[in-house]
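A.B. asks: One structure, as structure tokens, below. Some questions next.
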Amino acid sequence: MSMPQISPLAGEPIERADAERLAGVLKALADPARLRLLSLIQSAPEGEACVCDLTAPLGLSQPTVSHHLRILTEAGLLEREKRGVWAYYRLVPSAIATIADLLTPPRKRATKKAAR
């Protein structure tokens with residue numbers, strides 16, 4: 001799923017297709033288990049994790065964790081790499097940054113960039 005190019009806060013109406021894409025990504029994020037998965041993967045030593053590393057911390061079955069990981073991957077928030085019988089997941093940093101920018105009003109965005 002690709003990210004929309006214009007923010008709903010940009011001062012002009014967002015196109016329907018862009019709104020639908022952004023809503024799809026936000027819907028993928030709007031689940032406590034998925035937010036925890038992103039956090040667990042981001043904080044993993046190599047910045048990546050296998051399903052086998054994620055089931056115990058979440059207290060969910062492997063099929064349930066795999067389902068959540070698939071949704072996050074389809075939303076463009078995670079990358080998946082198959083190694084033997086296991087799949088490893090890592091965050092797509094540009095996707096997270098794009099969401100943050102899309103949800104930050106332009107004036108606040110300019111202030112944040114000037115402060116860097």
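Per the UniProt record's numbering: the sequence shown = residues 1 to 116.
Glycine included, every Cβ here is placed at the ideal spot set by N, Cα and C.
Remember, it's a predicted structure, so these values are computed and weren't measured experimentally.
Secondary structure at Leu102, three-state DSSP: helix, strand or coil?
C.D. replies: Leu102 falls in the helix class under three-state DSSP.
A.B. asks: Note down, in chain order, each residue of its chain lying with its Cβ closer than 7 Å to the Cβ of Ser43, except the 5 sequence neighbours on either side.
C.D. replies: Excluding sequence neighbours, Ser43 sits near nothing in its chain.
A.B. asks: Hey, is the segment 25-42 in contact with the segment 89-98, meaning 3+ C-beta pairs nearer than 8 Å?
C.D. replies: A contact exists between the segment 25-42 and the segment 89-98.
A.B. asks: With C-beta atoms as the reference, is Leu72 less than 7 Å away from Val92?
C.D. replies: Taking 7 Å as the Cβ cut-off, Leu72 and Val92 do not qualify as a contacting pair.
A.B. asks: Tell me the DSSP secondary structure of Ala30 in three-state form.
C.D. replies: If DSSP states are grouped into helix, strand and coil, Ala30 belongs with coil.
A.B. asks: Would you report the Cα separation of Glu79 and Pro13, rounded to the nearest angstrom?
C.D. replies: Approximately 31 Å between the Cα atoms of the pair.
A.B. asks: Just list the alpha helix (DSSP H) runs in the segment 12-79, keeping only unbroken ones of 4 residues or longer that don't cross its boundaries, in chain order.
C.D. replies: With a minimum length of 4 residues, the continuous alpha helix (DSSP H) runs that stay inside the segment 12-79 are 16-29, 32-43, 51-58, 62-74.
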